[in-house]
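The structure under discussion appears below in the form of structure tokens.
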Amino acid sequence: MTELENQILNILKPVAEAKNLIIEHLEYAKKGRDFYLTIYVEKEDEVTTLDDVCEVSELFGEKLDEVDLIQDNYILDVSTSGAEKPITDFTKFEKYLGKYMYVKFKNGYQGKNDITGTLEKVENEELIISYREKTRTKVINVQISNISKANLAVKF
18 MTELENQILN
28 ILKPVAEAKN
38 LIIEHLEYAK
48 KGRDFYLTIY
58 VEKEDEVTTL
68 DDVCEVSELF
78 GEKLDEVDLI
88 QDNYILDVST
98 SGAEKPITDF
108 TKFEKYLGKY
118 MYVKFKNGYQ
128 GKNDITGTLE
138 KVENEELIIS
148 YREKTRTKVI
158 NVQISNISKA
168 NLAVKF
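Counting from 18, one number per residue, gives the positions in the sequence shown under the numbering used here.
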């Protein structure tokens, strides 16, 4: 995270917290000819609604105008990370217990490069994931240190 992004995060974090929201991701970047300030917000234990996003987006815009940190013209894009939300903090896997997820391995594991299944347990720096292979349910234990990417997944 850049120094500017850290400053923005520190300014907006109390605004989000006042609305019972967490800033999951913040990025300021040039895309094409425009600059974008992209912010993903989530509620800790509830569904984040469109009204939540609209309200906090308005509050973020007001606060950013007030402090005037960003010199460029930019587009403020506030949203949730959606149904396939990336898991960016690998120290907080416990909050996803019972959730269906996709996990990609750094070095492969048991002949697999990735797995999609349900997080059953987290213990000793290891995830225990149940998954379906053909008609059977199997369980795999994966070291958190061997995970390169993880996100929630939609089960079909």
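Where is the CB? At the ideal position from N, CA and C, for every residue including glycine.
*I think Lys30 touches Asp69, with their Cβ atoms under 8 Å apart; what is that distance to the nearest whole Å?*
As a first step, residue 30 is located in the sequence shown; it is residue number 13 there, counting from the start. As a first step, residue 69 is located in the sequence shown; it is residue number 52 there, counting from the start. At roughly 16 Å, the Cβ-Cβ gap does not stay under 8 Å, so Lys30 and Asp69 are not in contact.
_Asp85 versus Glu101, Glu150, Gln24 and Phe110, residue with shortest Cα-Cα distance_ = Taking the sequence shown and counting its residues from 1, the one referred to as residue 85 is at position 68. Ranking the options by Cα distance to Asp85, first place goes to Gln24.
*Measure the alpha-carbon distance for Ile164 versus Ile28 and round it to whole angstroms.*
Translated into the one-based positions of the sequence shown, residue 164 becomes position 147. Translated into the one-based positions of the sequence shown, residue 28 becomes position 11. C-alpha separation (whole angstroms): 32 Å.
*Among Thr105, Val171, Gly125 and Gly134, which one has its Cα closest to the Cα of Thr154?*
Numbered from 1 along the sequence shown, position 137 holds the residue referred to as residue 154. Comparing Cα-Cα distances from Thr154 to each of Thr105, Val171, Gly125 and Gly134, the minimum goes to Gly134.
_Terminal residues of the alpha helix (DSSP H) in which Leu86 lies_ = As a first step, residue 86 must be located in the sequence shown, where it is residue number 69. Run containing Leu86: none; DSSP gives neither H nor E here.
*Let me know the secondary structure DSSP gives Gly115 once reduced to three states.*
The residue labelled residue 115 in the question sits at position 98 within the sequence shown. Here Gly115 sits in coil by DSSP.
*Would you mind giving the Cβ-Cβ distance between Ser96 and Tyr53, rounded to the nearest angstrom? I have them listed as a contact below 8 Å.*
Counted from its first residue, the sequence shown places residue 96 at position 79. Counted from its first residue, the sequence shown places residue 53 at position 36. Not really, about 12 Å apart at Cβ, beyond 8 Å.
*Report the rounded CA-to-CA distance for Gly99 versus Thr152, giving the unit in angstroms.*
In the sequence shown, the residue the question calls residue 99 occupies position 82. In the sequence shown, the residue the question calls residue 152 occupies position 135. Near 29 Å, if we compare the C-alpha coordinates of Thr152 and Gly99.
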